[in-house]
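Protein chains in written order, with the numbering used here: chain A, 1 to 111; chain B, 112 to 252.
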């Protein structure tokens, strides 16, 4: 299922990185510590976090996640949005907590 | 004509918005060269962790990357405070990063272990008060 389909079906907001809205989401990963994410997030995963800063965007690019999902209504700061748009990093926004957000994605993609 | 591509980067100290430029640049190059995605990811992760270490601990530093058809070699050097106990620094979870850095999502004590896990070879030379040099190789062929 694509990033955009996940957003549409679960009512997530599309925040940045339109270029990657058609990427396939293969799994879900949750963590806020960037070094953990770097080492352990699977490629093509939906990464659920509350870190909406420019470093999170860099980590998403390098770990090659399908998208970032900012849970709890966490903000995507202006610099991070610019970087996400420049580098085609899809960022979605969810009002739900991290667990509920990840669980909903997992159910949807049949994980 | 040499088959090796050499790239050099200067990493500023304490500037976490610019850390990641070298690893993103190298990642783009390797993808363009058709290197296998798994190897590209390992280089990108190892180099980004190194860049963050230079920014957090080294007060900035230099990176030299050499890409050959067989391997990517990376040398990261700083003239920072050095690592008093390398064995301890290599332990997952051991961190001397300040709270300001932890608030950004770094400083979990995963940097050097992540680098070692992703590189095929890694050596650290460090002298307190002089600086640190980390050498890593990732085989791509």
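Think of the CB as a built atom: it goes at the ideal place given N, C-alpha and C, for glycine as much as any other residue.
CA-to-CA distance, residue j to residue i, given in whole angstroms
| i | j | result |
| --- | --- | --- |
| residue 74/A | residue 46/A | 16 Å |
| residue 106/A | residue 28/A | 6 Å |
| residue 221/B | residue 37/A | 10 Å |
| residue 194/B | residue 230/B | 20 Å |
| residue 247/B | residue 43/A | 22 Å |
| residue 144/B | residue 120/B | 20 Å |
| residue 41/A | residue 205/B | 21 Å |
| residue 250/B | residue 11/A | 43 Å |
| residue 117/B | residue 123/B | 20 Å |
| residue 114/B | residue 243/B | 29 Å |
| residue 125/B | residue 181/B | 34 Å |
| residue 92/A | residue 128/B | 21 Å |
| residue 170/B | residue 5/A | 44 Å |
| residue 137/B | residue 186/B | 13 Å |
Classification of residue i by the beta-carbon crowding that lies within 10 angstroms, buried from 16 upward
| i | result |
| --- | --- |
| residue 159/B | buried |
| residue 161/B | buried |
| residue 55/A | buried |
| residue 214/B | exposed |
| residue 196/B | exposed |
| residue 131/B | buried |
| residue 78/A | exposed |
| residue 141/B | buried |
| residue 199/B | exposed |
| residue 189/B | buried |
| residue 234/B | exposed |
| residue 110/A | exposed |
| residue 209/B | exposed |
| residue 9/A | exposed |
| residue 152/B | buried |
| residue 216/B | buried |
| residue 101/A | buried |
| residue 240/B | exposed |
| residue 49/A | buried |
| residue 148/B | exposed |
| residue 65/A | buried |
Three-way DSSP call (helix, strand, coil) for residue i in this model
| i | result |
| --- | --- |
| residue 213/B | helix |
| residue 149/B | helix |
| residue 3/A | helix |
| residue 121/B | strand |
| residue 179/B | coil |
| residue 169/B | coil |
| residue 194/B | coil |
| residue 114/B | coil |
Complete beta strand (DSSP E) runs within the region 14-82 of chain A (minimum length 3 residues, chain order) = 27-30, 45-49 and 67-70
Between the region 20-32 of chain A and chain B, which residues of the former have a C-beta closer than 7 Å to a C-beta of the latter?
-> 32
Between the region 37-59 of chain A and chain B, which residues of the former have a C-beta closer than 7 Å to a C-beta of the latter?
-> 38, 39, 43, 51, 53, 54, 55, 56 and 58
For the region 220-241 of chain B, which residues have a beta carbon sitting closer than 9 Å to at least one beta carbon of chain A?
-> 220, 221, 222, 224, 225, 228 and 229
Please name the residues in the region 139-173 of chain B whose beta-carbon is closer than 7 Å to at least one beta-carbon of chain A, in chain order.
-> 152, 155, 156, 159 and 160
Got a sec: which bits of the region 77-95 of chain A sit with their beta carbon under 8 Å from any beta carbon on chain B, in order along the chain?
-> 79 and 87
Could you list the residues in the region 184-218 of chain B with a C-beta less than 7 Å from some C-beta on chain A, going in chain order?
-> 215, 216 and 217
Completely contained beta strand (DSSP E) runs for the region 211-245 of chain B, where each covers 3 or more residues = 232-238
Select from the region 114-129 of chain B all residues with a C-beta closer than 7 Å to any C-beta belonging to chain A, and list them in chain order.
-> 127 and 128
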